[in-house]
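**Q** Per the working numbering, the very first residue in the sequence shown carries number 7; after that it's consecutive.
Ideal placement from N, C-alpha and C gives every residue a C-beta, glycine not left out.
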Amino acid sequence: MLEAVRNGEFRNDLYFRLNVIQVEIPPLRERRGDILLLCKYFLEKYRERYTSPIRTLPQDLLEACVWNDWPGNIRQLENTVKRYLILPDDEVISELRGTAKDAVPQSALPSLKEVGEHAAEQAEKAVALDMLEETGWNRKESARRLQISYKAFRNRLRRWQLSDERHTKRATAHRAISKEFSKSSAGLA
């Protein structure tokens, strides 16, 4: 867009009025680790809408999705999942395989390190969720049991966008009631 301003194709004042914050999201082909999560999300989102009996996407479709170049980016992936839910046939998979052949340059493939980091992150998140459930979403106790600092644990929860307001509010209310009970008990003694 800035280039359009320089070429006189877009108004300078309008550009700076609209350009409050810039968010750069890399194309889907550069975020292959997100493709399976997006497939699952779209499956859950559209399965009921299209009354599809499909509960999981077949492995060969998922593999074809991961290695596709996705020139249409996330909308193309979304439409592919929709199409499979409406018309579940091998043609969708064949078309994806046909466009994926030699379409992905070697540099766009995820490295072993990236795959490992992604798997480790998902495993860490699962362990944290299990611990939170076990402690009734007591973040301090969860951090203590996981043997990491509370601040580091809070940062991870924020990064993973995990919060259970219901549990947080309940814990706050429980602490307030406990304090009130302690005060009233002390007054009786």
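Among residues of its own chain, excluding the 5 on either side of Thr141, which ones have a beta-carbon nearer than 8 Å to its beta-carbon?
**A** These residues qualify, in order along the chain: Glu147, Ser148 and Arg151.
**Q** Mapping the DSSP letters down to three states, classify Gln167 as helix, strand or coil.
**A** Coil, per DSSP.
**Q** Identify the continuous alpha helix (DSSP H) that holds Tyr56 and give its terminal residues.
**A** Per DSSP, Tyr56 belongs to no alpha helix (DSSP H) and is neither H nor E.
**Q** Look at the Cβ atom of Gln82, then the Cβ atom of Trp73, and state whether they are nearer than 8 Å.
**A** No; because the gap between Cβ atoms is not below 8 Å, this pair is not in contact.
**Q** Return the residue from the list Arg55, Val87 and Tyr156 that minimises the CA-CA distance to Leu63.
**A** Ranking Arg55, Val87 and Tyr156 by Cα distance to Leu63 puts Val87 first.
**Q** Can you tell me whether Val29 is helix, strand or coil according to DSSP?
**A** Coil at Val29, not helix or strand.
**Q** Where Met137 and Leu168 are concerned, what is the direct C-alpha to C-alpha distance, given to the nearest angstrom?
**A** Straight-line Cα distance between these residues: approximately 13 Å.
**Q** Enumerate in chain order the residues of its own chain whose CB-to-CB distance from Pro33 is below 8 Å, with the five nearest sequence positions on each side excluded.
**A** Closer than 8 Å at Cβ, skipping near neighbours: Trp76 and Asn79.
**Q** For the alpha helix (DSSP H) that Leu20 lies in, which residues bound it at each end?
**A** Segment Asn18 to Leu24, the alpha helix (DSSP H) holding Leu20.
**Q** Assuming Glu197 is part of the alpha helix (DSSP H), what are its boundary residues?
**A** In the structure as shown, the chain starts at 7 and stops at 195, and residue 197 therefore has no counterpart that could be examined.
**Q** Is Gln65 helix, strand or coil when you go by DSSP?
**A** In this structure, Gln65 counts as helix in the three-state DSSP scheme.
**Q** Excluding the 5 residues preceding and the 5 following Ala10 in the sequence, name in chain order all residues of the same chain whose CB lies nearer than 7 Å to its CB.
**A** Result list for Ala10: Phe16, in chain order.
**Q** Within the same chain, show all residues whose beta-carbon is closer than 6 Å to that of Asp19, passing over the 5 residues directly before and after it, in chain order.
**A** Nothing listed; no residue qualifies.
**Q** Starting from Ile80 and walking both ways along the alpha helix (DSSP H), at which residues does that stretch end?
**A** Asn79 to Ile92 is the extent of the alpha helix (DSSP H) around Ile80.
**Q** The alpha helix (DSSP H) that contains Leu34, what's its start and end?
**A** Looking at the DSSP string, Leu34 is not in any alpha helix (DSSP H), and its letter there is neither H nor E.
**Q** In angstroms with no decimal places, state the Cα-to-Cα distance between Asp96 and Gln28.
**A** Answer to the nearest angstrom: the Cα atoms are 40 Å apart.
**Q** Check the C-beta distance from Leu91 over to Tyr52 and give it rounded, since I have them as a contact under 8 Å.
**A** Indeed they touch by this definition, with Cβ atoms about 5 Å apart.
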